[in-house]
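Colleague: Throughout the sequence shown, residue numbering follows the working numbering, covering 1 to 466 in sequence.
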Amino acid sequence: MPQLKERIQDSSVYKIILSSLSGEHQDLTAMNIKRAVILLAIPMILELSLESVFALVDIFFVNRWLGNYAATAVGLTESIVTIVYSLAIGISMAATAMVARRTGEKSKDGAAIAAVQSIWLSFIVTLLISVVGFLYAEEILRLMAAEEKTIQLGVGYTRIMLGGSIVIMLLFLINGIFRGAGDAFMAMKSLWIANICNIILCPIFIKLFGLDGAAWATTAGRGIGVAYQLYHLFSGKSVVAIKRKHLRFDFGITKSLVGIAFPGILQFLIGSGSWIMLARLVSETGHNDASAGYQTAIRVLMFFILPAWGLSNAATTLVGQHLGAKQPQKAEEAVLKTAGYSALFMAAVTVFFLFFASFIIGFFTKDEGAKLYAVQALQIISLGYIFYGIGMVMANAFNGAGDTMTPTIINFFCFWIFQVPFAYLLAKQWGMGPKGVFIAIPVAETLITIIAYIVFKRGRWKQVKV
């Protein structure tokens, strides 16, 4: 055993893993592609694994202590906050692409200025949401068809969450800045700090302030994470070091950020909108059992996709930095290698789901009707996992180059022109019910990947100016 331990510690992979978690900055454009992918992917995967913890912590304590009406208020508010997530992801994509490009060019001032302009943009965008959310929280809940008791109980929660939406925006955005600079460890650490604070504060604040306390805890947790991010940006210790001279508003750079961010926002909304339509089709054709099973399967599928998301985010950074360093061939090599790793991982997960779907779903539901649909969904949807993993890498390669429009157009065509009508045809016209929806998902994901790969190989993304 001691000899085995020594061999592991001496292995290059083990050293790369340790290096990825050390927070030490390294020049990604000057190293082996395999090493660069691992250095970025590990902290990015760990970061993403915590992305959904905020909502889970709230729901856990609220369900446990405050009941269904309070839980409904949390769920409805989270649906509204998706708008903030969409904006944050879009602006974060733009910031990552621009900071990565400037980092690859070895322009520290350029990276800092791009970071500052994205922060200014986020303030402008969220100001309107915060004001409207704070003033019209009750009307928003009523618009969401909430019952009167839910509105009375949840209006304070909604007001605090939407009024404090700037911390949601900044947490996403600044982590995008860190990822663009290749500092994935700092992005991971910021989210860990925010989550730990939320987990500690949530039960305490709920006991003190009821449902409003859950909102205060989440906002405070995110706020502490943002304070930690800002400290590193302005302390001069980060890869992106912001100084007083970088703080001026630059209309030209902000305009470029908006040009990249807007399609990125649409990209997210197009995808999430199509999933809502599929969920409705499942509910209409299979009713409660099918809907419950489908939602359970999707949550399991999303959890196992996290490593592929981490890999695709690594591709974003590597493409941006290599293009900035005038190394387009290395950028392409990085994407293809990352896509290969993602495909291997997804293939293993597909095999796992095909043989152990019933065992996995058994942990989440004991209802036999829901379980039957969940197992079916898991096995059928996972058949497209390999293509989904490759497709995510390809999409983020375009995003990293600053070409957010290409994956947006591909998503619109494949999701709304093909997937939704195809799912409707199979589920309703051909009478396949929920199974038809499940089949439409991997078919559409395969189509997305094929189109994205063809467009990627044409290489026009290499000429995009950021």
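The C-beta atom is built at its ideal place from N, Cα and C for all residues, glycine as well.
Would you decide whether tyrosine 388 is buried or exposed? Buried here means 16 or more other CB atoms lie within 10 Å of its CB.
Modeller: Tyrosine 388 comes out buried.
Colleague: Less than 8 Å between the CB atoms is what I'm expecting for methionine 93 and valine 466, so what's the real figure, rounded?
Modeller: Between valine 466 and methionine 93 the Cβ distance is about 11 Å, and since that is not below 8 Å, they are no contact.
Colleague: Let's see if you can read the secondary structure: which residues bound the alpha helix (DSSP H) around arginine 142?
Modeller: 137–143 is the extent of the alpha helix (DSSP H) around arginine 142.
Colleague: My guess is that phenylalanine 249 and tryptophan 120 are in contact by the Cβ rule of under 8 Å, so how many angstroms apart are they, rounded?
Modeller: Contact flag correct, Cβ pair sits at about 6 Å.
Colleague: Ordered along the chain, which non-local residues of its own chain (more than five positions away) have a Cβ less than 7 Å from that of valine 319?
Modeller: Ala331, Ala334, Val335, Ala397, Gly400 and Ala401, listed in sequence order.
Colleague: Can you grab the Cα-Cα spacing for the pair alanine 378 / glutamine 26, in whole Å?
Modeller: First, the residue type needs correcting, since residue 378 is leucine and not alanine in the sequence shown. Going by the C-alpha atoms only, they are around 40 Å apart.
Colleague: Would you be able to state if there are at least three C-beta pairs under 8 Å between the segment 101–120 and the segment 39–49?
Modeller: Touching, no.
Colleague: Would you call glutamine 117 buried or exposed, if buried means 16 or more other Cβ atoms sit within 10 Å of its Cβ?
Modeller: Its Cβ being crowded by 16 or more others within 10 Å, glutamine 117 is buried.
Colleague: Thinking phenylalanine 364 and valine 282 are a contact (beta carbons under 8 Å), I'd like their distance in whole angstroms, please.
Modeller: 17 Å between Cβ atoms; not a contact.
Colleague: Would you report the Cα separation of phenylalanine 209 and histidine 287, rounded to the nearest angstrom?
Modeller: Answer to the nearest angstrom: the Cα atoms are 38 Å apart.
Colleague: For a minimum of 4 consecutive residues, which ranges assigned as the alpha helix (DSSP H) are wholly contained in the segment 335–393?
Modeller: List check, alpha helix (DSSP H) in window: 368–381.
Colleague: Give me, in chain order, the residues of the same chain whose beta-carbon lies closer than 7 Å to that of glycine 223; leave out the 5 immediate sequence neighbours on both sides.
Modeller: Contacts found: Val167.
Colleague: When you compare each of Ser122, Lys149 and Ile160 to leucine 135 by their alpha carbons, which one comes out closest?
Modeller: Minimum Cα distance to leucine 135 is reached at Ile160.
Colleague: State the Cα-Cα distance for the pair threonine 235 and cysteine 414, rounded to the nearest angstrom.
Modeller: It should be noted that the sequence gives serine, not threonine, for residue 235. Taking the straight line from one Cα to the other gives about 45 Å.
Colleague: Helix, strand or coil for isoleucine 410, going by three-state DSSP, please let me know.
Modeller: Residue state, collapsed to three classes: helix.
Colleague: If you count every other CB in all the chains shown that lies within 10 Å of the CB of glutamate 368, and 16 or more means buried, which is it?
Modeller: It is exposed - the Cβ of glutamate 368 has fewer than 16 other Cβ atoms within 10 Å.
Colleague: Using only alpha-carbon positions, find the residue among Asp183, Trp275 and Ala279 that is nearest to alanine 241.
Modeller: Comparing Cα-Cα distances from alanine 241 to each of Asp183, Trp275 and Ala279, the minimum goes to Asp183.
Colleague: In its own chain, which residues sit with a C-beta less than 7 Å from the C-beta of phenylalanine 353, not counting the 5 before and 5 after it?
Modeller: Cβ within range, chain order: Leu378, Gln379 and Ser382.
Colleague: Could you tell me the distance, in whole angstroms, from the CA atom of phenylalanine 372 to the CA atom of glycine 133?
Modeller: Checking the sequence shown, residue 372 turns out to be leucine, not phenylalanine. One C-alpha to the other measures close to 40 Å.
Colleague: Do serine 20 and phenylalanine 185 have their CB atoms nearer than 8 Å?
Modeller: Yes, the pair counts as a contact, with Cβ atoms nearer than the cut-off.
Colleague: Looking at C-beta atoms only, is the number of pairs between the segment 167–177 and the segment 198–217 that lie closer than 8 Å three or more?
Modeller: Too few Cβ pairs lie closer than 8 Å, so no.
Colleague: Note down, in chain order, each residue of its chain lying with its Cβ closer than 8 Å to the Cβ of isoleucine 260, except the 5 sequence neighbours on either side.
Modeller: Answer for isoleucine 260: Met93, Ala94, Ala97, Met98, Gly402, Thr404 and Val466, listed in chain order.
Colleague: Please state whether DSSP places alanine 299 in a helix, a strand or coil.
Modeller: A small fix is needed here, since residue 299 is arginine in this sequence, not alanine. Three-state result, arginine 299: helix.
Colleague: Run through DSSP, which three-state label would methionine 432 get?
Modeller: In this structure, methionine 432 counts as coil in the three-state DSSP scheme.
Colleague: Just to confirm the assignment, what range does the alpha helix (DSSP H) spanning arginine 101 have?
Modeller: Start and end: 68–104.
Colleague: Within the continuous alpha helix (DSSP H) that includes glycine 213, where are the two ends?
Modeller: Here the alpha helix (DSSP H) through glycine 213 covers 211–235.
Colleague: Can the beta-carbon of arginine 244 be found closer than 8 Å to that of methionine 44?
Modeller: Not closer than 8 Å, so no.
Colleague: Using three-state DSSP, classify glutamine 327 as helix, strand or coil.
Modeller: Looking at glutamine 327 - three-state DSSP - the assignment turns out to be coil, as it is neither helix nor strand.
Colleague: Could you check how far apart the C-beta atoms of alanine 440 and glutamine 463 are, in whole angstroms? I think they sit under 8 Å.
Modeller: No, alanine 440 and glutamine 463 are not in contact; Cβ-Cβ is about 35 Å, not under 8 Å.
Colleague: Does the beta-carbon of leucine 4 have 16 or more other beta-carbons within 10 angstroms, so that it is buried, or is it exposed?
Modeller: With a pLDDT of 45 at leucine 4, under the threshold of 50, the predicted position of this residue should be treated as unreliable, though the coordinate-derived value follows. The residue in question, leucine 4, is exposed, as its Cβ has fewer than 16 Cβ neighbours within 10 Å.
Colleague: Let me confirm a value: tryptophan 430 is counted as buried when at least 16 other C-beta atoms fall within 10 Å, else exposed. Which label applies?
Modeller: That one is exposed.
Colleague: Within 10 Å of its beta-carbon, does proline 421 have 16 or more other beta-carbons around it, so buried, or fewer, so exposed?
Modeller: With fewer than 16 Cβ atoms within 10 Å of its Cβ, proline 421 is classed as exposed.
Colleague: Check whether the segment 139–153 and the segment 271–285 are in contact - that is, three or more C-beta pairs closer than 8 Å.
Modeller: Because the criterion of three Cβ pairs below 8 Å is not met, the segment 139–153 and the segment 271–285 do not touch.
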